[in-house]
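In the working numbering, the protein residues as written are -1 to 110.
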């Protein structure tokens, strides 16, 4: 009887594990996004930001362009799926352990 309890607990644990735990081992969509950004005329003002949100790694493309008309960025999970818009659906103070994931040569922004 005891030998059946451990496999049962393992199955239950896997069934109820966090569904948002998406591995970030293939970011081809993000690499393609960065290649697109590199083609922008004002590339020095753009960056990709990485953070944790509700236990998952997320990314968004931001900018500090003083003359650009910008909308709030989409926050995307490791699969590139939008999980919300920064400032609308997702409060910026809910993003934890944030850092610049990518920035161009000659980066003109000051990001904290």
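Using N, Cα and C, we set each Cβ at its ideal position, and we do this for glycine too.
- Under the three-state reduction of DSSP output, residue 105 falls in the coil class, being neither helix nor strand.
- Within a 10 Å sphere around the beta-carbon of residue 49 sit 16 or more other beta-carbons, which makes this residue buried.
- Around residue 97, the same chain offers 48 as residues with beta carbons nearer than 6 Å, after the five sequence neighbours per side are excluded.
- Counting every other CB atom within 10 Å of its CB across the protein chains shown gives residue 76 a total of 16 or more, marking it as buried.
- With respect to the C-alpha of residue 67, the residue from 103, 57, 40, 100 having the closest C-alpha is 40.
- Annotation for residue 50: the continuous beta strand (DSSP E) segment containing it runs 44 to 51.
- A straight line joining the alpha-carbon of residue 27 with that of residue 46 spans about 13 Å.
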